[in-house]
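Worksheet: the structure to be examined is printed underneath.
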Amino acid sequence: MENYSINTNCVQAGYTPANGEPRQIPIIQSTTFKYDTSEDMGKLFDLEANGYFYTRLQNPTNDHVAAKIAALEGGSAAMLTSSGQAANFFALFNICECGSHIVASSSIYGGTFNLIAVTMKKMGIDVTFVEPTATEEELNAAFKDNTRAVFGETIANPALTVLDIEKFAKVAHEHGVPLIVDNTFPTPINCRPIEWGADIVTHSTTKYMDGHGAAVGGCIVDSGKFDWMAHADKFPGLCTPDDSYHGITYAEKFGKEGAFITKATAQLMRDFGSIQSPQNAFILNLGLESLHVRMPRHVENGQAVAEFLEAHPKVTKVNYSGLKSDKYYDLAQKYLPNGGCGVVSFELAGGRDAAQKFMKNLKLAAIETHVADARTCCLNPATSTHRQMSDEQLKAAGIPAGLVRMSCGLEDKKDLIADLAQALDQI
Ligand SMILES: *Cc1c(COP(=O)(O)O)cnc(C)c1O
396 MENYSINTNC
406 VQAGYTPANG
416 EPRQIPIIQS
426 TTFKYDTSED
436 MGKLFDLEAN
446 GYFYTRLQNP
456 TNDHVAAKIA
466 ALEGGSAAML
476 TSSGQAANFF
486 ALFNICECGS
496 HIVASSSIYG
506 GTFNLIAVTM
516 KKMGIDVTFV
526 EPTATEEELN
536 AAFKDNTRAV
546 FGETIANPAL
556 TVLDIEKFAK
566 VAHEHGVPLI
576 VDNTFPTPIN
586 CRPIEWGADI
596 VTHSTTKYMD
606 GHGAAVGGCI
616 VDSGKFDWMA
626 HADKFPGLCT
636 PDDSYHGITY
646 AEKFGKEGAF
656 ITKATAQLMR
666 DFGSIQSPQN
676 AFILNLGLES
686 LHVRMPRHVE
696 NGQAVAEFLE
706 AHPKVTKVNY
716 SGLKSDKYYD
726 LAQKYLPNGG
736 CGVVSFELAG
746 GRDAAQKFMK
756 NLKLAAIETH
766 VADARTCCLN
776 PATSTHRQMS
786 DEQLKAAGIP
796 AGLVRMSCGL
806 EDKKDLIADL
816 AQALDQI
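If you want the numbering used here, it's the 1-based position in the sequence shown plus 395.
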C-alpha cells in the first residue's frame, strides 16, 4: 500500500480489487477451500505457501479487514478474533505459558481483569497489578525473572485513566519483554500506541471500530518491531521449533514482522478456534470506512457533555481527559492531541437514588451495558454491573454509588445536553 493518510486507509486499505472484481470486500461464507492436488494443500499445512484451507484458522474476508487495521495502527501484521476478550487472551497466551508472569495496569476493563487475575491464574500464569500512574521505580519493582509481558489500556474502560505508553514501553523493553496495549477507546484515529513504543496492540472491535453496536469482534496488531530472537530464552514458543507444526521456528522463518501473528494463527486459532465470522468482519469493515469521520464527532460530543456537567451544581465530579481539571489532562495532551473518545463518567451529588432517577428520565440516552456506538447510552455501575457491592465497597473500588458512565454517540450535542439538563432538573 502506498503511504496514504489514515483517513484514506480507513476507506480503502486492506482490499484492492482487480479488474472486474467486486468493489466491496466479498463475504467468503465458506468453511473450506478446494485444491487440485494434495501436494498443493500440503504446502499450506507446512506454512510453505500462503492460502486458505479451513475458516477456523483463516478466512480471506477477515484477512482483508485485518490488513486494514494493521495499516491504521502502523503494524506489520494483524488478525481478527471473535471478540475483544479473545484478542487479549491470544495476545498474552501467545507468549505466556504455565509459570509465566505478567505486569498489568490495574486500571483495565473488568473482563480483562478477570481474564488475567482469575482465568489465566488457573493456567499457572501469575500477575502483578500496578497503578497506571506508577513511577519507573514502582514499575521496575513489579518485574520478576519469569515476566513475559506488560499490559495496559490507552484509555481505560471504565476508569478513563490515560496510560503513559512511552514510560511503560521503556520499562518493558529494559526487562526484555513487549508492551501490549489495548487501544479500544481512542482507536488508531486518536492514538497509535506503536508510535510510542508499544509492541502489540489489541482491540475490542465491538466498540468504535464497528461503531454501530452490530457485531462483536476483536483484533490483534503486531508492530513487527520486537526482537524475539534477542530474548530467545524468554520466548521459547516463538524461538524454538514448534513440534505441532513440523518443527517450524516462527521467529526464524517469519522474522520480527510475521512471527507473532503467524504463531497466533497457526497454533492458537487452530487449537482454540476463536475466529471472527466473515459476516462480522464485513460489518466491521463498514464501520471502519467511516471511523475517521465518526471519532471527531464522538470527541466533540464527549467534550461538550463533560463541560456542561462540570458546570452543573448537581454534579460533584467529572472524569474526562479533555477537561483541564482532569488528572490525566497532561498525558492526554501528549498522547491524544485530537481528543480521546466519547465516554464520560460523572458523579451525582445525590448518590445511587439520584443516579437512578436521573437515568429513568433521560429520553435520548438509553440504559445499556454497551459503550462506543452511534447512539448515546449510559450506565450506573452501582445498580447494574457492580450491584453485588455495598456503597462502602464501591467507594473503595473507585466506583461511587452515584457514578454514571455516559457514552456520547453521534447525535447533535445540543440535543444531548438538553436531555441531560431536563433529567438533572428532575432529581
Ligand atoms: C469491551 C472491551 C473489551 C472486551 O471486548 P469484547 O468485544 O466485549 O469481548 C476489552 N477491552 C476493552 C477496553 C473493552 O472496552
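Built from N, CA and C at the ideal position, the CB exists for glycine as well. In this text, all values refer to a predicted model and were calculated from it rather than measured experimentally.
Going by beta carbon distance, what residues of the same chain come within less than 7 Å of residue i, once the five residues before and after it are set aside?
i    : result
M690 : T582, I584, N585 and Y603
H707 : L819
A567 : V545, P573 and L574
H607 : G682, D768 and A769
F677 : I420, I422 and T456
H765 : G608 and C772
D441 : H641
Comparing alpha-carbon positions, which option in the options lies nearest residue i?
i    : options                   : result
D617 : T600, T635 and A659       : A659
L815 : S785, Y399 and T771       : T771
H570 : I615, T556, W623 and T549 : W623
A760 : D748, R747, L774 and A749 : L774
V700 : D807, G547 and K517       : D807
K755 : Q821, G506 and H781       : Q821
F782 : R747, F753 and N398       : Per the sequence presented here, residue 782 reads as Arg, with Phe not at that position. Checked all of R747, F753 and N398; the closest Cα to R782 is R747.
Q480 : G653, I615 and V738       : I615
V460 : G446, D435 and A408       : A408
A554 : T780, Y715 and L757       : Y715
G469 : T549, S720, E787 and S400 : S400
A853 : K709, E787 and T507       : Residue 853 lies beyond the residue range present for the chain, which begins at 396 and ends at 822; the question has no answer from this structure.
S477 : L452, K629, F741 and R587 : L452
F630 : V694, K729, F655 and I794 : F655
E590 : E434, V713, G804 and L731 : L731
G793 : T556, V694 and K758       : T556
Distance check for residue j and residue i, CA to CA, integer angstroms please.
i    : j    : result
T644 : P527 : 35 Å
K620 : P573 : 10 Å
A486 : L467 : 18 Å
G612 : I423 : 17 Å
D594 : G632 : 17 Å
I910 : D577 : Outside the shown range of the chain (396 to 822) lies residue 910, about which nothing can therefore be said.
N552 : I503 : 6 Å
N414 : P421 : 15 Å
K463 : A744 : 45 Å
I497 : E416 : 46 Å
Q751 : T778 : 8 Å
T432 : E443 : 15 Å
Q698 : G717 : 6 Å
L534 : L558 : 13 Å
N489 : S785 : 38 Å
V738 : K539 : 35 Å
K429 : A472 : 26 Å
Compute every distance between the C-beta of residue i and the non-hydrogen atoms of ligand 1, then say whether any falls below 7 Å.
i    : result
Q480 : yes
Y723 : no
G415 : no
K602 : yes
V611 : yes
Y645 : no
E548 : yes
T579 : yes
Y504 : yes
T582 : no
N483 : yes
S740 : no
S599 : yes
T528 : no
T780 : no
T507 : yes
N552 : yes
Residue i lies in the beta strand (DSSP E); which residues open and close that run?
i    : result
S599 : I595 to S599
M801 : L798 to S802
C493 : Note, C493: premise wrong, no beta strand (DSSP E); not H, not E.
I615 : G613 to D617
G547 : T542 to E548
T450 : Neither: T450 is in no beta strand (DSSP E) and is coded neither H nor E.
A472 : A472 to T476
Would you kindly report the start and end of the unbroken alpha helix (DSSP H) that includes residue i?
i    : result
L467 : P455 to E468
K823 : The question about residue 823 has no answer here: the residues shown for the chain are numbered 396 through 822.
V406 : I401 to Q407
N585 : T582 to N585
I575 : That residue, I575, is in no alpha helix (DSSP H); its beta strand (DSSP E) goes L574 to D577.
L555 : Careful: L555 lies outside any alpha helix (DSSP H) and carries neither H nor E.
Only counting the same chain, and skipping five residues up and downstream in sequence, which positions put a Cβ closer than 6 Å to that of residue i?
i    : result
N402 : H687
Y640 : A661
G592 : E561 and A564
D637 : I643
Whose C-beta lies closer than 8 Å to the C-beta of residue i among residues of the same chain, with five residues either side of it excluded?
i    : result
G790 : Per the sequence presented here, residue 790 reads as Lys, with Gly not at that position. Closer than 8 Å at Cβ, skipping near neighbours: A796.
T427 : F448, Y449 and T450
Checking contacts by CB at 8 Å: is residue i closer than that to chain C?
i    : result
H693 : As a matter of chain content, chain C is missing from the structure shown, which is built from one protein chain.
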